[in-house]
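Following: one structure in structure tokens, then a few remarks.
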Amino acid sequence: MASTHGAAQVLVASNRGPVSYTRETDGSLTAKRGGGGLVSGLSAIGSDAGALWVCSALSDGDREAVRHGVAEPGTRMLDIPADVHADAYNGIANSVLWFVHHMLYQTPLEPVFDAEFRRQWASYETYNRAFAEALAEEAAEGASVLVQDYHLTLVPGMLRELRPDLRIGHFSHTPWAPPEYFRMLPDDIARQLLTGMLGADRLGFLTRRWADAFTACCDAVVGGVGTTRIGVHGLGADADFLRERAHRPDVAERMAALREEIGPGRRTVVRVDRTELSKNIVRGLLAYAQLLADHPEWRERVVHVAFAYPSRQDLEVYRAYTAEVQRVADEVNARYGTPGWTPVVLHVKDDFARSLAAYRLADVALVNPIRDGMNLVAKEVPLLADDGCALVLSREAGAYEELGEDAIGVNPYDVTGTARALHEALTLSPEERAERSKRLAEAATALPPAQWFLDQLTALRAQPAS
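Counting from 16, one number per residue, gives the positions in the sequence shown under this note's numbering.
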């Protein structure tokens, strides 16, 4: 009997794909390509490798493209019903799994795993099943499938049942919660989530710490990881791309504008983040205010350049957090600002060129997340800072595992400790700052995105399918 399998030899599955579609005023659909490690990795394996990216239609333009049969080569977009996607993505992935792994719940009041949670979990199952079925349909005999992140934790187990011949990998881009926090999930959901992931031949994590936490959860909940292999791949910065992009004319224009806002001769403390609850922007602002209180000599001599780009604004808790960032920045400026000096230069409109401009101008990079799978900003700023920069880095960022020796480490909850770290960073000699920055840049680029992807693919192919 003829095989009904597809032709793809390498498949990637993720919520967001490499392309998005916009409906123009004349009715046409415009495709916009994205970037990132997965895009770099897939392009590194060559166009003749039989690669396919399976992703979700996220916008009305995306859904229209699917319905009209519009598709980029090497991409299959799934038109999952918008209400199912909203339940799975916002209801479960971003409001439950993200909160668990980043340990963000205010536990006296949340979480509440009630009937509404169960309804949304059913949508999460439906959403994962749609991916598993599409992958099963498209994959060639013995193909390699790399499933991405907490949105798709059930896919490996579902796909294993449909296609036992495949080599299946899953990579977690977030931290992983320790067992005592992970077991906040209902017992059956915790088991289902872990066994879903253990359907993979190989699971990848950004750091050894997160990999060990996953293993500990499996030991506590399902009796171990069985035959599934566990690997660690610390995603690095894309040095070639960033250095080239950071020296284009639009970045130079934004550097000039930022210098105008900062004022002549002043030092800069730079942060660039999305306003995700885990990024700890408010405590960073409070620490900067504490620096100005404790060390009046820095007043009018330093500016905190803070880019806080809105994230997940369809969730009320994120809108409230974004408003609090703005309020605290305004409060610092009202308390300490003078006619010729604005202590905090806050920008909330996403602008990649301006972010790169800030990286190049940074004397100090402040990266103080409550908890972060990796944090590429910590790796990118030392790479691009024109005069080298000091890095104030939370020990709860995955990047701390690689960069901690040359960074100034902080407890992200300790505002006074972070203020002391900022002062230490600002008072480093130019020679020490440059030397540290050089070593940070070397560590940051140890595993660039294309190699990060290829290493996972190679490791997956090196072991027999389950």
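Here a beta-carbon is modelled for each residue, glycine too, at the ideal position from N, C-alpha and C. This structure is a prediction, so every number in the text was calculated from the model and none was measured.
| Item | Value |
| --- | --- |
| Would you list the residues sitting across from CYS551 in a DSSP beta bridge? | One cannot answer for residue 551 here, as it falls past the ends of the chain, which runs 16 to 481. |
| Starting from the C-beta of ALA23, find all residues in its chain whose C-beta is less than 8 Å away, skip the five residues before and the five after it, and write them out in chain order. | GLY65, ALA66, LEU67, GLU153, ALA154, ALA155 and ALA158 |
| When you compare only the Cα positions, how much space is there between LEU200 and TRP113? | 12 Å |
| Helix, strand or coil, according to DSSP, for GLY219 in the structure here? | strand |
| Assuming ILE385 contacts ASN295 under a Cβ cut-off of 8 Å, what Cβ separation, rounded to an integer in Å, is found between them? | 5 Å |
| Name the residue from VAL170, SER138 and TYR139 whose alpha carbon lies nearest to the alpha carbon of ALA149. | VAL170 |
| Which two residues bound the contiguous alpha helix (DSSP H) that contains ARG435? | 430-441 |
| Following the continuous beta strand (DSSP E) through GLY251, name the residue where it begins and the one where it ends. | Where GLY251 is concerned, there is no enclosing beta strand (DSSP E), given that its DSSP letter is neither H nor E. |
| Out of VAL85, PRO126 and GLU439, which one is the CA nearest neighbour of ALA302? | GLU439 |
| Give the secondary structure of GLU312 by DSSP, where H, G and I count as helix, E and B as strand, and everything else as coil. | helix |
| State buried or exposed for SER444, treating a residue as buried only when at least 16 other CB atoms are found within 10 Å of its CB. | exposed |
| Could you pull out every residue in the same chain whose Cβ sits closer than 8 Å to the Cβ of CYS404, ignoring the five residues on either side in sequence? | VAL285, ALA377, ASP378, VAL379, ALA380, VAL396, PRO397, ARG448 and SER452 |
| Measure the alpha-carbon distance for LEU93 versus SER71 and round it to whole angstroms. | 5 Å |
| Around the C-beta of ALA17, are 16 or more other C-beta atoms found within 10 angstroms, so that it is buried, or is it exposed? | In this predicted model, ALA17 has a pLDDT of only 42, less than 50, meaning its place in the structure is not dependable enough to derive any value. |
| Can MET270 and ARG134 be called in contact, C-beta distance under 8 Å? | no |
| For LEU161, tell me which candidate among ALA267, LEU73, ARG217 and VAL407 has the shortest Cα-Cα distance. | ARG217 |
| For GLU496, tell me which candidate among ALA151, MET118, LEU119 and ILE107 has the shortest Cα-Cα distance. | Beyond the ends of the chain as shown, which are 16 and 481, falls residue 496; an answer cannot be given. |
| Considering TYR324, what are the terminal residues of the alpha helix (DSSP H) in which it resides? | Element bounds for TYR324: not the alpha helix (DSSP H) but the beta strand (DSSP E), 317-324. |
| Between the C-alpha atoms of LEU213 and GLY241, what's the straight-line distance to the nearest angstrom? | 8 Å |
| So, for ASN348: in the same chain, excluding its five sequence neighbours on each side, which residues have a beta-carbon less than 7 Å away from its beta-carbon? | THR357, PRO358 and VAL359 |
| Quick check on DSSP: helix, strand or coil for LEU208? | helix |
| Measuring alpha carbon to alpha carbon, tell me which of ARG410, THR431, GLU416 and LEU418 ends up nearest VAL425. | ARG410 |
| I'd like to know if the stretch 120-130 and the stretch 26-37 are in contact, where contact means that at least 3 CB-CB pairs between them fall below 8 Å. | no |
| Could you give the distance in angstroms between the alpha-carbon of LEU292 and the alpha-carbon of GLN328? | 12 Å |
| Could you check where the beta strand (DSSP E) with ASP75 kicks off and where it finishes? | Per DSSP, ASP75 belongs to no beta strand (DSSP E); it is in the alpha helix (DSSP H), 75-82. |
| For LEU174, which three-state DSSP category applies? | helix |
| Using the C-alpha atoms, what's the distance from ARG31 back to GLY49? | 10 Å |
| Whose C-alpha, out of ALA373, LEU174, GLN305 and HIS310, is nearest the C-alpha of LEU257? | ALA373 |
| Does DSSP classify TRP225 as helix, strand or coil? | helix |
| Rounded to a whole number of angstroms, what is the C-alpha to C-alpha distance between GLN163 and VAL69? | 11 Å |
| Under the three-state reduction of DSSP, which class applies to LEU181: helix, strand or coil? | coil |
| Identify, in the order they occur along the chain, each residue of the same chain with its Cβ nearer than 8 Å to the Cβ of ARG334, setting aside the five sequence neighbours on each side. | GLN328 |
| Select from ALA436, THR283, TYR139 and ALA304 the residue whose C-alpha is nearest the C-alpha of ASP402. | THR283 |
| Using beta-carbon positions only, say whether GLU416 and THR230 come within less than 8 Å of one another. | no |
| Quick one: what's got a C-beta closer than 7 Å to GLY239's C-beta in the same chain, skipping five residues either side? | CYS233 |
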